[in-house]
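To start, the structure itself, in structure tokens.
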Amino acid sequence: VTEFCGIDLPHPIVNGSGTFDAIAARRAFGDALLEDFPFAAFVSKTVTLEPRQGNPPPRLWEQAGGMINSIGLPNKGLAGYLEQDLPLLAELPVPLIVNVMGFTRAEVARLVEAFAELDEVAALELNVSCPNVETGLIMGADPGETGALMDAVRPLTGKPIIVKLTPNCTSPADVAAAAEAHGADAVSLVNTLRGMAFHPLRDGLPWLGGGTGGVSGPAVRAVALAQVCDVRARVSVPIVGMGGVQSGCHAHDLLLAGADLVAVGTESFRDPLAGARVAAELSEILPNSEIAR
Amino acid sequence: MLAATERWGGGADERPFLPRAFSVLRHHHDGTLDFLLEDVGPGTRRLAELEPADGLWILGPLGVGFRRPEQGRRPLLVGGGVGIAPLAIWQDALGAAALVLLGFRDAAHAAGAALLRAPRVATDDGSAGHPGLVTDLLRAELGSDPRATVYGCGPPPMLEAVRALCAAEGVPAQLAMESGMACGFGACFGCVVPTRSGYVRLCVDGPVLDAADLERVQ
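So the protein sequences, as listed, match chains B and A.
One gets our numbering by counting positions in the first sequence from 1 and adding 7 to each.
One gets our numbering by counting positions in the second sequence from 1 and adding 51 to each.
Okay, here's the thing in structure tokens:
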């Protein structure tokens, strides 16, 4: 049993936000999915205050060791999520972690407040990879911004707050330290690395409809390992490590680096049961691991 | 979704990485599935290299397929190129009476028409069947009897021509569409196409969409 922010989990493997739609997967695979759910906790896709269509296609680019996505956080908005998604996600056999994003601190605060007292929600994750439109700074790229955001939302809920760190900044570890100092219960990393690809037939024209996107998959695994090490050296709160995990061995590496939980993301696109497989492989490794001692 | 279980990855530029989405061409009583693929990129190249007894990773069936025509409408199946695959399994389901119109680049590609029963063929270069577009055949059919439901699959320009023709004639059409996919089960939101009601995920809300829901096929 793994303990994370006061939540008991049967194993340390969860999903990365936005890499698994439990509602669509249940429609595709039936209730068998619930009986053998691939993750110990479910992190839902980013919710924003207002509904979002997402970015124009194409949204995907396959590249060496992974992919670039430019999805643009399509979602039904807070009201739609509460009305349509939350009742279905509450039926999952695992704790629910809700990921939220706002374009101002006040927006994030409204989102946190909306979930603050809901029994269906075990914890909140803040997506800070977007700009604060009032300051022009990426909320998670600047320690001062992150600290100020935590100051705004920390008093609003007793639920655990996880700050999802972006790797696209000078020092994720500085941001993690600010998050911890201002009351974050945990941090998760890495989000995708900003990248782009040109159209294969038109020189210099971006392929992705959104221009740039986020790189994920095995290509970012080494970056994730280094950043989790850096962050662990600076904070004592739990860490959810992720980035290119494809096997129990990769998950074990992130645990050795200091993560408490490990998220599987892009690998679930290649196999919806990847989370269960990684958890099973990890359970074979852990009894003989340095971590168990 | 299909992928080779061995050496998926390691090709040109370390691709393929993601599995590839395919329609089933035909399923047999012994459980065998047939697929039709054309070697056009690293994924289809690797799949085309597979030998008997090699491992194939498969996830499916996924998504929403063709629906039967309303009472009083005959099914008209219209396909182009490698996009004829879902029409074969649909013709099997509908029965032999379903008329099939197929378009190909040339006679060599038109050999694929043998995968369906009694198709009428058009080729761009006139080397087999009707010289011209498959939509010429469709226009003539709808002219002789418009009480039909059209089932289309093929390259986007062909599907757009089918959509526009059916819209003009007031004939319902269902189009099997294609988009790059990462997962195939609604997780990644990468395969969206624009419809009159916004973006929809082709993997879970398609790949078959009602033509009336589309402004145009892009």
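Each residue gets a CB set at the ideal place from its N, CA and C atoms; glycine is no exception.
Model, not experiment: these values are computed from the prediction.
Could you list which residues in chain B have their beta carbon closer than 8 Å to that of Asp64 of chain A, in chain order?
-> Within 8 Å Cβ-Cβ: Gln70 and Ala71.
On the three-state DSSP scale, how would you describe Ala164 of chain A?
-> Three-state result, Ala164 of chain A: helix.
Would Met228 of chain A count as contacting chain B if we go by Cβ distances under 9 Å?
-> Residue-level contact by beta carbon fails for Met228 of chain A and chain B, as no gap is shorter than 9 Å.
Mind checking which residues open and close the alpha helix (DSSP H) that includes Ala32 of chain B?
-> Per DSSP, the unbroken alpha helix (DSSP H) holding Ala32 of chain B starts and ends at Ala29 to Phe36.
For Gly250 of chain A, which residues in chain B fall below 8 Å Cβ to Cβ?
-> In the sequence as displayed, the identity of residue 250 of chain A is Tyr instead of Gly. Within chain B, the residues near Tyr250 of chain A are Gln60, Gly61, Pro64 and Pro81.
For Asp38 of chain B, go through chain A and note every residue whose CB falls closer than 9 Å to its CB, in chain order.
-> Near Asp38 of chain B there are no residues of chain A at all, since even the closest Cβ is about 15 Å away, more than 9 Å.
Using a Cβ cut-off of 9 Å, which residues of the segment 217 to 242 of chain A contact any Cβ in chain B, in chain order?
-> Residues of the segment 217 to 242 of chain A with a Cβ closer than 9 Å to any Cβ of chain B, in chain order: Ser230, Gly231, Met232, Ala233, Cys234, Gly235, Phe236, Gly237, Ala238, Cys239, Phe240, Gly241 and Cys242.
Inspect the beta-carbon positions of Phe110 of chain B and Thr55 of chain B and report whether they are closer than 9 Å.
-> Yes.
Which partner residues of Lys171 of chain B appear in the DSSP bridge assignment?
-> In the DSSP assignment, the residues bridged to Lys171 of chain B are B:Asn134 and B:Ser195.
Neighbourhood of Ala164 of chain A by C-beta distance below 6 Å, restricted to the same chain and skipping five residues each side = Non-local beta-carbon contacts of Ala164 of chain A in its own chain, meaning distances under 6 Å to residues more than five positions away in sequence, involve Leu153, Pro170 and Val172 in chain order.
Of all Cβ atoms in chain B, is any one closer than 9 Å to the Cβ of Pro208 of chain A?
-> Taking 9 Å as the CB threshold, Pro208 of chain A stays off the interface with chain B.
Using a Cβ-Cβ cut-off of 9 Å, state whether Ala35 of chain B counts as contacting chain A.
-> Yes, Ala35 of chain B lies at the interface with chain A (some Cβ there is under 9 Å from its Cβ).
Is there contact between the segment 32 to 40 of chain B and the segment 81 to 90 of chain B, where contact requires at least three CB pairs shorter than 8 Å?
-> With the cut-off at 8 Å, the segment 32 to 40 of chain B and the segment 81 to 90 of chain B do not touch.
Who are the near neighbours of Pro64 of chain B in its chain, counting only those whose CB is closer than 7 Å to its CB and skipping five residues on each side?
-> Contacts found: Gly216.
Grab the span of the beta strand (DSSP E) containing Asp261 of chain A for me, first residue to last.
-> Residues Val259 to Asp261.
State the CB to CB distance for the pair Arg210 of chain A and Val268 of chain A, rounded to an integer number of angstroms; the pair is presumed to be in contact (CB under 8 Å).
-> A small fix is needed here, since residue 210 of chain A is Leu in this sequence, not Arg. Indeed, because the Cβ distance is near 4 Å, the residues count as touching under 8 Å.
Locate the beta strand (DSSP E) running through Thr174 of chain A, then write down its first and last residues.
-> Counting along the chain, the beta strand (DSSP E) containing Thr174 of chain A begins and ends at Arg171 to Thr174.
Assigned secondary structure, Leu113 of chain A (DSSP; H/G/I helix, E/B strand, else coil) = DSSP places Leu113 of chain A outside both helix and strand once states are collapsed to three, so it counts as coil.
Length of the line joining the Cα atoms of His181 of chain A and Ala158 of chain A = Their backbone Cα atoms lie some 11 Å apart in a straight line.
Contact list for Asn76 of chain B against chain A, beta-carbon separation under 9 Å | The answer, in chain order, is Ala233, Cys239, Phe240 and Gly241.
Whole-angstrom distance between Pro67 of chain A and Gly61 of chain A, CA atom to CA atom | Distance between the alpha carbons of Gly61 of chain A and Pro67 of chain A is about 7 Å.
Shortest alpha-carbon distance to Ile104 of chain B belongs to which of B:Leu261, B:Gln253 and B:Val119?
-> Minimum Cα distance to Ile104 of chain B is reached at B:Val119.
List the endpoints of the continuous alpha helix (DSSP H) containing Ala99 of chain A.
-> From DSSP, the alpha helix (DSSP H) with Ala99 of chain A extends over Pro93 to Glu100.
Can Pro45 of chain B and Ala281 of chain B be called in contact, C-beta distance under 9 Å?
-> Going by C-beta atoms, Pro45 of chain B is nearer than 9 Å to Ala281 of chain B.
Given a limit of 9 Å on CB to CB distance, which residues of the segment 262 to 285 of chain B reach chain A?
-> Contact residues of the segment 262 to 285 of chain B toward chain A are Thr273, Ser275, Phe276, Arg277, Asp278 and Pro279 (C-beta to C-beta distance below 9 Å).
Figure out for me which residue from A:Glu89, A:Ala55, A:Pro126 and A:Val259 has the closest Cα to the Cα of Pro103 of chain A.
-> For Pro103 of chain A, the nearest C-alpha among the options comes from A:Ala55.
Close Cβ partners of Leu184 of chain A (< 8 Å) along its chain, the five nearest in sequence each way excluded | The beta carbon of Leu184 of chain A sits closer than 8 Å to those of Gly154, Ala173, Asp175, Met209 and Ala212, all from its chain and outside the five residues before and after it, given in chain order.
Can the beta-carbon of Arg124 of chain A be found closer than 9 Å to that of Ala149 of chain A?
-> The Cβ atoms of Arg124 of chain A and Ala149 of chain A do not sit closer than 9 Å to each other.
Under the rule that 16 or more other beta-carbon atoms within 10 Å means buried, what is Gly249 of chain A, buried or exposed?
-> Residue environment analysis places Gly249 of chain A among the exposed positions, since fewer than 16 neighbouring C-beta atoms fall within 10 angstroms of its C-beta.
Is any beta-carbon of chain A found at less than 9 Å from that of Thr26 of chain B?
-> For Thr26 of chain B, the answer is yes, since a Cβ of chain A falls inside 9 Å of its Cβ.
Does Val91 of chain A come within less than 9 Å of chain B when only Cβ atoms are used?
-> With 9 Å as the cut-off, Val91 of chain A does not count as an interface residue toward chain B.
Where Thr199 of chain B and Gly73 of chain B are concerned, what is the direct C-alpha to C-alpha distance, given to the nearest angstrom?
-> Their Cα atoms are separated by approximately 11 Å.
Tell me, please, which residues DSSP counts as bridged to Ala78 of chain A.
-> Note that residue 78 of chain A is His in the sequence shown, not Ala. Note: His78 of chain A sits in a beta bridge opposite A:Leu84.
Cys204 of chain A versus Glu229 of chain A: straight-line alpha-carbon distance, rounded | The C-alpha of Cys204 of chain A lies about 9 Å from the C-alpha of Glu229 of chain A.
Where Asp64 of chain A and Gln70 of chain B are concerned, what is the direct C-alpha to C-alpha distance, given to the nearest angstrom?
-> The straight-line gap separating the alpha-carbon atoms of Asp64 of chain A and Gln70 of chain B is approximately 7 Å.
C-alpha distance - Arg66 of chain B paired with Ser195 of chain A, whole-angstrom precision = When rounded, the distance between both Cα atoms is 42 Å.
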